[in-house]
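Student: One structure, as structure tokens, below. Some questions next.
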Amino acid sequence: MRKALDNLVARIDSKAMATVRDTTYELLRALGMTTVFGNPGSTEEPFLQDFPDDFHYVLALQEASAVGMADGYAQATGGPAHVNLHTAPGTGNAMGNIVTAWHNRTPLIVTAGQQTREMLLLEPRLAARHPTELPQPYVKWAHEPVRAQDVPAALMRAYATAVQPPAGPVFLSLPLDDWAQPADPPPQARTVATRFAPDPYRLAEFATALAGSRSPAIVLGAAVDRAGAWEHAVALAERLAAPVWTAPAPERTAFPEDHPYFQGVLPFAIAPLAERLRGHDTVLVVGAPVFRYYPHVPGETLPDGVRLLHVTDDPEEAARAPVGDSLLGDAGLALAALADRVPPADRPAPPVRAESPAVADGVPLSADALFAALAAHWPEDGVLVQESPSNLAALRRRLRFTRPGSYFTMASGGLGYGLPAAVGIALAQRDTGRQRPVVAVIGDGSFHYSVQALWTAAQLRLPLAVVVPVNQQYAILKAFADLKQTPGVPGLDLPGLDIAAIARGYGCAATVVDTADGLGEALGTALRADGPTVLPVPIRTDIPPIL
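Under this note's numbering, think of the first position of the sequence shown as 108, with each following residue one higher.
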């Protein structure tokens, strides 16, 4: 009895002495969030002191890279990730990739240090003046706790907010002197729903419209891949005998691209997109905005007489759509329900997408030749992370993705995401035990936005292959200038960059690849390596049309 009383007193004393930091780490453990991405600063050190042995700190050399890595890790694992930033300057550095996380629908818990509470009135060095306003409007919730004791409960709320649909980043500003304060009783680690079913009556209306359609078409977006719903998309397409397009500028693929019904990616301008859908009377859009455009090419959003049905888990996305009737719900649940309700169609199968013409030999390679070679040597179960805007059309012509979770890029259109995201995705393959090979295709302009991510890949010894098409220019901007007839724009050429030397300086292997035949051998060697390999590939400098 005496021993039991002593143990009880010890537990009471332990709880009485628990700090905000202790309670926060216990909550992170309970939520399964023991990986922290970051670049440490003085205002974060009290949180990071005596870093627990069961946690993993992934060091990036700049905050934008930390966020990109966390984003890729969260998308590849399917769960939220935690990234720790350095007060206002660090959050500012990270904002480009926070914007991308918002558009990518990535559940991120972004924490940033804040100066000591007792000095905040004086606005000392490294104080964030309006910390919750800085990341707006690209976070779902931003908060600085009123009391130190509120930090763990705020973290629990941040987790619940980040993962609920539409998922996205949240932000907490945390004063550095909060961590040593005595804690309140810990908050309960809770679970929340991450999917919701569509309204059955509205769903029945959509099913009736599709069943009665003369010539339906399906447009699928990234949410289908996030929901793990490829099989339901295939089932619905086959019941309707409907052609399937990917929505414009997709950040993930949503349908097997070797399926005979797959038609490719819709153009991301108003008039060309509408023309592609001409001849259909009903268009079902699932898991994508209506629509994501880039250059302004005016025209009707849809051809006359076309009805659009839109399934999304985002009320704001439904509200801003210029046309169509909306249904709120999870993309996977909606597709499965529609496939169950729609009878098999009695119509011919849609025409098979035309194959791309053969590529011409030559050195330097054309973008099409490069990606045809990549497709010929594509690893089984490979994952591609793409950030080469001027070469994207060629890449999508030549490389087709046939498995879920195989393609990642930035929904925001902002550069500096792809390279760190590839590091996070490669780390996730290791941590989850899936061990899928990861290949990044990063343009030589994009490469330098977050180049320091290579160091993290080297330190973690990730077998990441980074293919860099080298055309020594911002070719996408030259294409845009051609479209908008704005000649003479400065700063669009990039001479004098040695990609291989830079990669070696960060601890990576590097091999310049000049020929299509050389790419296969170099890629195979890179994916077998005990660390990252950068493969610069000189390509032709022609400017492809933006549309």
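Using N, Cα and C, we set each Cβ at its ideal position, and we do this for glycine too.
Keep in mind the model is a prediction, meaning the values are calculated, not measured.
1) Just verifying my parser: in three-state terms, what is the DSSP assignment at residue 403?
2) Fully enclosed by the segment 142–200, which alpha helix (DSSP H) runs are 4 residues long or longer?
3) Would you check if the distance between the CB atom of residue 534 and the CB atom of residue 165 is smaller than 8 Å?
4) Between which two residues does the beta strand (DSSP E) holding residue 547 run?
5) So, at 7 Å on beta carbons, what are the nonlocal neighbours of residue 155 in its own chain, with the 5 sequence-adjacent residues on each side left out?
6) Is the separation between the beta-carbon of residue 261 and that of residue 252 shorter than 8 Å?
7) Using the Cα positions of residue 462 and residue 621, report the straight-line distance between them to the nearest angstrom.
8) Contact between the segment 587–605 and the segment 565–572 is defined here as three or more beta-carbon pairs at a separation below 8 Å; is this criterion met?
9) Taking the continuous beta strand (DSSP E) assigned at residue 339, which residues delimit it?
10) Apply the 10 Å Cβ neighbour rule to residue 109 and answer buried if 16 or more other Cβ atoms are within range, or exposed otherwise.
11) For residue 652, which option in 604, 497 and 518 has the closest C-alpha, if you only look at C-alpha atoms?
12) Just mark residue 617 as buried or exposed, buried being the case when its beta carbon has 16 or more other beta carbons within 10 Å.
13) On a Cα-Cα basis, can you pick out the residue from 413, 439, 440 and 442 that is closest to residue 431?
14) Near residue 112, which residues of its chain fall below 7 Å by C-beta distance, leaving aside the five closest residues on each side in sequence?
15) Here's the rule: buried if 16 or more other CB atoms are within 10 angstroms of the residue's CB, otherwise exposed. What is residue 120?
16) What does the Cβ neighbour count give for residue 228, buried or exposed, with the cut at 16 atoms within 10 Å?
17) What are the uninterrupted segments assigned as beta strand (DSSP E) that are 3 or more residues long and contained completely in the segment 481–551, given in chain order?
18) Under the three-state reduction of DSSP, which class applies to residue 433: helix, strand or coil?
19) Have a look at residue 615 and residue 371 and give me their C-alpha separation to the nearest angstrom.
20) Where in the segment 271–351 do unbroken runs of the beta strand (DSSP E), each at least 3 residues long, occur, reported from the N-terminal end onward?
21) In the DSSP assignment, what residue or residues form a beta bridge with residue 583?
22) For a cutoff of 8 Å on Cβ pairs, would you count residue 567 as touching chain D?
23) What three-state label does DSSP hand residue 85 in the structure shown?
24) What number of angstroms, rounded off, separates the C-alpha of residue 206 from the C-alpha of residue 555?
25) Below 8 Å on the Cβ atoms is my guess for residue 529 versus residue 545; work out the distance and round it to an integer in Å.
26) Should residue 339 be labelled buried (16 or more other beta-carbon atoms within 10 Å of its own) or exposed?
27) Applying the criterion that 16 or more other CB atoms from any shown protein chain within 10 Å of the CB defines a buried residue, is residue 641 buried or exposed?
Tutor: The answer reads as follows:
1) The residue you call residue 403 lines up with position 296 of the sequence shown. It is coil, neither helix nor strand.
2) Counting only runs of at least 4 residues, the segment 142–200 fully encloses the following alpha helix (DSSP H) elements, listed from N- to C-terminal order: 152–155 and 170–184.
3) Within the sequence shown, residue 534 is the residue found at index 427, counting from 1. Within the sequence shown, residue 165 is the residue found at index 58, counting from 1. In contact: residue 534 and residue 165 (Cβ atoms closer than 8 Å).
4) Translated into the one-based positions of the sequence shown, residue 547 becomes position 440. Element bounds for residue 547: 545–549.
5) The sequence position of residue 155 within the sequence shown is 48, counting from 1. 147, listed in sequence order.
6) Stepping through the sequence shown from its first residue, residue 261 is reached at position 154. Stepping through the sequence shown from its first residue, residue 252 is reached at position 145. Contact: yes.
7) Here residue 462 refers to the residue found at position 355 of the sequence shown. Here residue 621 refers to the residue found at position 514 of the sequence shown. Rounded to whole angstroms, residue 462 to residue 621 spans 26 Å at the Cα level.
8) no
9) Mapped onto the sequence shown, residue 339 falls at position 232. First-last for residue 339: 337–347, but that is the alpha helix (DSSP H), not the beta strand (DSSP E).
10) As a first step, residue 109 is located in the sequence shown; it is residue number 2 there, counting from the start. Low confidence applies to residue 109: its pLDDT is 45, below 50, so where it sits in the model is not reliable, and the reading given next is rough at best. Exposed.
11) By 1-based counting over the sequence shown, the position of residue 652 is 545. Nearest option by C-alpha distance: 497.
12) Position 510 of the sequence shown, counting from 1, holds the residue named residue 617. With 16 or more other Cβ atoms within 10 Å, it is buried.
13) For the purposes of this step, residue 431 is taken as the residue at position 324 of the sequence shown. With distances taken between Cα atoms, residue 431 lies closest to 413.
14) As a position in the sequence shown, residue 112 is number 5, starting the count at 1. With a pLDDT of 37 at residue 112, under the threshold of 50, the predicted position of this residue should be treated as unreliable, though the coordinate-derived value follows. Excluding positions up to five away in sequence, the list is empty.
15) Along the sequence shown, read from residue 1 onward, the residue named residue 120 stands at position 13. Note that residue 120 has pLDDT 49, beneath the 50 cutoff, so the model's placement of it is unreliable and the number below is only indicative. Residue environment for residue 120: exposed (fewer than 16 other C-beta atoms within 10 angstroms of its C-beta).
16) Against the sequence shown, residue 228 aligns to sequence position 121. When all chains shown are included, residue 228 counts as exposed.
17) 490–494 and 545–549
18) Translated into positions along the sequence shown, residue 433 becomes position 326. Three-state result, residue 433: strand.
19) For this step, residue 615 is matched to residue 508 along the sequence shown. For this step, residue 371 is matched to residue 264 along the sequence shown. The alpha-carbon atoms of residue 615 and residue 371 are separated by roughly 35 Å.
20) 277–282 and 323–327
21) In the sequence shown, counting from the first residue as 1, residue 583 sits at position 476. Partner(s): none; residue 583 has no beta bridge.
22) Protein chains in the displayed structure number just one, and chain D is not present.
23) Examination of residue 85 is not possible in this model, given that the chain is present from 108 through 654 alone.
24) The residue you call residue 206 lines up with position 99 of the sequence shown. The residue you call residue 555 lines up with position 448 of the sequence shown. Going by the C-alpha atoms only, they are around 19 Å apart.
25) Position 422 of the sequence shown, counting from 1, holds the residue named residue 529. Position 438 of the sequence shown, counting from 1, holds the residue named residue 545. With a Cβ gap of about 6 Å, residue 529 and residue 545 count as contacting.
26) Counted from its first residue, the sequence shown places residue 339 at position 232. Its Cβ being crowded by 16 or more others within 10 Å, residue 339 is buried.
27) Here residue 641 corresponds to residue number 534 of the sequence shown, with the count starting at 1. Answer is buried; the Cβ neighbour count reaches 16.
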